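What follows is one structure encoded as structure tokens, with my remarks underneath.
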Amino acid sequence: MTLKGILIVAYLDLLMPLAVFLNVYLYFYPVFHFCSFHSPPDGTPAPFRLLALGDPQLEGDTTIRRYASQHKPGDPLLSYLDPQHLSRDFHRYRKIIDLWGNDLYLSHIYKTMRRQLDPTHTVVLGDLIGSQWIGDEEFKRRGDRFWEVFSGGNKVNASDLEAGNADSEHWKYKVITLPGNHDIGYAGDMNRGRVDRFVDMFGPINYDLTVTPPHDSGDAAPSLKLVVLNSMTLDEPILDPTLRDDSYALINRIESSTAENTNPKEATVLLTHLPFHKQSGVCVDAPFFTYFPAGQGGGIKEQNHLSAETSSRVLSSFFGAPEHGKQAGIILTGHDHEGCDVRHARLEEGWNATRWEHLPTGVEKKRLQEAEAAKGGVREVTVQSMMGGYGGNAGLVSAWWDEKAQSWRFEYSTCALGTQYVWWGVHVVDIICAVAGFLLYSAHQRDAARNVRKAAAVQEMLDAQKKTA
Numbered sequence: 062m063t064l065k066g067i068l069i070v071a072y073l074d075l076l077m078p079l080a081v082f083l084n085v086y087l088y089f090y091p092v093f094h095f096c097s098f099h100s101p102p103d104g105t106p107a108p109f110r111l112l113a114l115g116d117p118q119l120e121g122d123t124t125i126r127r128y129a130s131q132h133k134p135g136d137p138l139l140s141y142l143d144p145q146h147l148s149r150d151f152h153r154y155r156k157i158i159d160l161w162g163n164d165l166y167l168s169h170i171y172k173t174m175r176r177q178l179d180p181t182h183t184v185v186l187g188d189l190i191g192s193q194w195i196g197d198e199e200f201k202r203r204g205d206r207f208w209e210v211f212s213g214g215n216k217v218n219a220s221d222l223e224a225g226n227a228d229s230e231h232w233k234y235k236v237i238t239l240p241g242n243h244d245i246g247y248a249g250d251m252n253r254g255r256v257d258r259f260v261d262m263f264g265p266i267n268y269d270l271t272v273t274p275p276h277d278s279g280d281a282a283p284s285l286k287l288v289v290l291n292s293m294t295l296d297e298p299i300l301d302p303t304l305r306d307d308s309y310a311l312i313n314r315i316e317s318s319t320a321e322n323t324n325p326k327e328a329t330v331l332l333t334h335l336p337f338h339k340q341s342g343v344c345v346d347a348p349f350f351t352y353f354p355a356g357q358g359g360g361i362k363e364q365n366h367l368s369a370e371t372s373s374r375v376l377s378s379f380f381g382a383p384e385h386g387k388q389a390g391i392i393l394t395g396h397d398h399e400g401c402d403v404r405h406a407r408l409e410e411g412w413n414a415t416r417w418e419h420l421p422t423g424v425e426k427k428r429l430q431e432a433e434a435a436k437g438g439v440r441e442v443t444v445q446s447m448m449g450g451y452g453g454n455a456g457l458v459s460a461w462w463d464e465k466a467q468s469w470r471f472e473y474s475t476c477a478l479g480t481q482y483v484w485w486g487v488h489v490v491d492i493i494c495a496v497a498g499f500l501l502y503s504a505h506q507r508d509a510a511r512n513v514r515k516a517a518a519v520q521e522m523l524d525a526q527k528k529t530a
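Right, dumping it as structure tokens:
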């Protein structure tokens with residue numbers, strides 16, 4: 062067999078099947094990983110299916126500026142060949158390509174999950190961009206890139222809040238966005254200007270909406286209260302106390318409303334960025350606070366969790382003692398890129414967090430879930446980051462009303478694409494396959510043309526011989 066024949070066989074029997082398989086995996090990876098929203102016992106789709114995505118952190122010009130060209134007009138041509146300049150230029154262009162590919166990778170996760178799993182709602186749990194320190198122009202660029210990543214999705218607007226509910230079909234195409242520390246800063250450096258530009262680009266940050274799934278019986282319909290809370294302002298010291306007032310106004314309003322209008326068929330889905338307090342060792346991130354110097358206001362510079370006191374206050378407001386009308390629910394947070402899954406139990410001495418996987422399993426765990434409201438406990442899931450370095454994760458939250466238990470059931474699972482190198486690898490193989498196919502086709506066409514010319518020459522020679530015979 063000729064070399065060309067060997068290459069054609071390798072292309073058709075190895076490279077093409079590999080490219081097809083990798084693309085099938087990339088575009089149908091939820092099927093390969095058996096990803097799905099949990100369903101009620103009757104097998105029907107859960108009426109509330111929330112796609113939860115954590116911390117995309119879109120980078121931008123700040124990372125590219127590290128490798129900015131140092132060439133000046135009039136520099137000699139040979140200066141462009143200096144190894145240091147070449148290295149800097151290489152890293153700059155590599156970073157530009159990396160940012161472009163990262164946007165496509167994140168967009169692929171969102172679009173694939175939405176297309177194949179059909180969530181009823183979508184939330185991005187803060188840290189939409191990579192730095193709160195950027196100027197307004199760069200913030201707008203990254204905001205526009207965010208909506209390109211989540212193309213097909215729309216931000217929550219004032220008319221949605223006026224409606225007061227998130228029931229209609231168009232909520233499938235809404236993207237609920239939460240502010241994180243990389244969007245607006247921590248309490249010690251957050252200001253009204255940063256918050257306002259976030260709201261203008263991504264939507265409101267402190268509000269609640271009601272989700273009421275279709276219900277057959279004539280009784281009061283079970284409902285979910287969807288709460289979006291800016292937790293970056295809850296702890297002190299804070300640079301602008303009015304921002305803290307905005308968050309606590311929402312907490313106090315919901316607490317008062319719940320106390321006055323107790324609905325045993327209502328549960329709360331709390332969406333916020335900062336995780337609640339846990340003891341060191343429960344999650345990857347331990348409790349941690351740093352503060353600005355007194356000359357810079359002395360406010361919070363960095364924190365891993367809400368403080369124990371703030372956590373207790375918020376948990377008690379939304380999920381506290383059932384005799385005060387507090388109901389079951391689930392909490393979804395971001396910030397800790399590694400993710401965590403805990404149950405907060407209300408004990409006599411306060412709230413205590415235990416890893417969810419350390420709880421009983423099987424029948425015992427089901428019984429415990431059904432008794433969440435009576436025990437004054439709630440599950441908190443810190444959704445693992447969707448960034449490539451953490452595996453491209455997506456959280457899947459299902460909720461339905463259990464008529465037999467007379468309580469809401471919440472289930473959570475994850476679905477991961479794999480690192481960004483999976484996305485890059487598939488497309489590199491596609492490019493190799495396309496280039497190799499083009500070269501082999503060109504070689505085949507060239508050989509075919511040459512054979513035609515040879516055949517024509519032979520035929521011409523035979524015709525000449527016949528004429529002379």
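Numbers given in the numbering used here equal positions in the sequence shown, counted from 1, plus 61. The C-beta atom is built at its ideal place from N, Cα and C for all residues, glycine as well. Just so you know, these numbers come straight off a predicted model, no measurement behind them.
{"query": "Same chain, Cβ closer than 6 Å to Gly-264, five either side skipped, listed in chain order", "result": "Lys-216, Val-217, Thr-238"}
{"query": "Whole-angstrom C-beta distance between Arg-255 and Gln-193, which should lie under 8 Å", "result": "6 Å"}
{"query": "N-terminal and C-terminal residue of the beta strand (DSSP E) that Lys-235 is part of", "result": "235-238"}
{"query": "Outcome for Ser-446 when other beta-carbon atoms lying within 10 angstroms are tallied against a minimum of 16", "result": "buried"}
{"query": "Nearest-angstrom beta carbon gap, Leu-304 and Arg-253 [assumed within contact, 8 Å]", "result": "7 Å"}
{"query": "Sub-8 Å separation of Leu-335 and Gln-364 beta-carbons", "result": "yes"}
{"query": "Which residues DSSP lists as bridging Cys-39, in chain order", "result": "This structure does not reach residue 39, given that the chain is present from 62 up to 530, and the question cannot be answered."}
{"query": "Top-ranked residue by Cα proximity to Leu-189, from Pro-180, Glu-472, Tyr-502, Glu-209", "result": "Glu-209"}
{"query": "Backbone secondary structure at Gly-360 - three-state DSSP", "result": "coil"}
{"query": "CA-to-CA distance, Asn-242 to Ala-434, given in whole angstroms", "result": "For Ala-434, the predicted model reports a pLDDT of 44, less than 50, meaning its position is unreliable and no value from the coordinates is stated."}
{"query": "DSSP bridge partner residues for Asp-402 (one or two, in chain order)", "result": "Val-442"}
{"query": "8 Å Cβ shell around Val-92 - same chain, five flanking residues per side excluded", "result": "Gln-177"}
{"query": "beta-carbon Gly-358 near the ligand SAH non-hydrogen atom, thresh 7 Å", "result": "This structure does not include the ligand SAH; it has no bound ligands of any sort."}
{"query": "Residue nearest to Tyr-247 in terms of C-alpha spacing, selected from Pro-302, Glu-223, Tyr-166", "result": "Pro-302"}
{"query": "N- and C-terminal bounds of the alpha helix (DSSP H) containing Ala-369", "result": "369-380"}
{"query": "6 Å CB neighbourhood of Tyr-268 in its chain, flanking five on each side removed", "result": "Leu-222, Val-289"}
{"query": "In DSSP terms, what Ser-468 is bridged to", "result": "Asp-463"}
{"query": "Exposed unless 16 or more other CB atoms sit within 10 angstroms - verdict on Pro-286", "result": "Note on residue identity: the sequence assigns Lys, not Pro, to residue 286. Buried."}
{"query": "Beta-carbon proximity list for Tyr-234, same chain, < 8 Å, skipping 5 on both sides", "result": "Gly-213, Gly-214, Asn-215"}
{"query": "Nearest to His-169 (by Cα), restricted to the options His-505, Lys-527, Val-489, Gly-479", "result": "Gly-479"}
{"query": "Local conformation of Val-70 per DSSP, three classes", "result": "helix"}
{"query": "Any 3 or more C-beta pairs closer than 8 Å across the segment 112-120 and the segment 451-462", "result": "yes"}
{"query": "Opposing strand residues paired with Tyr-482 [DSSP bridges]", "result": "Answer is none; Tyr-482 lacks a bridge partner."}
{"query": "Cβ pair Asn-226, Leu-270 closer than 8 Å", "result": "yes"}
{"query": "Beta-carbon spacing of Gly-438, Ala-406 below 8 Å", "result": "yes"}
{"query": "Run of the alpha helix (DSSP H) containing His-243, from where it starts to where it stops", "result": "242-245"}
{"query": "Opening and closing residue of the beta strand (DSSP E) in which Ser-212 lies", "result": "Ser-212 -> no beta strand (DSSP E), and no H or E assigned at all."}
{"query": "Touch test, the segment 292-301 against the segment 364-375, Cβ-Cβ under 8 Å, three pairs minimum", "result": "yes"}
{"query": "Where the beta strand (DSSP E) through Val-345 begins and ends", "result": "Element bounds for Val-345: n/a, residue is neither H nor E."}
{"query": "Minimum C-alpha distance to Phe-109 - residue among Gly-121, Val-343, His-182", "result": "His-182"}
{"query": "Residue from Gly-400, Pro-275, Asp-280, Val-513 whose Cα sits closest to the Cα of Phe-337", "result": "Gly-400"}
{"query": "Backbone secondary structure at Lys-201 - three-state DSSP", "result": "helix"}
{"query": "Beta-carbon proximity list for Gly-204, same chain, < 6 Å, skipping 5 on both sides", "result": "Met-262"}
{"query": "Burial state of Ala-80, where buried means 16 or more other Cβ atoms lie within 10 Å", "result": "buried"}
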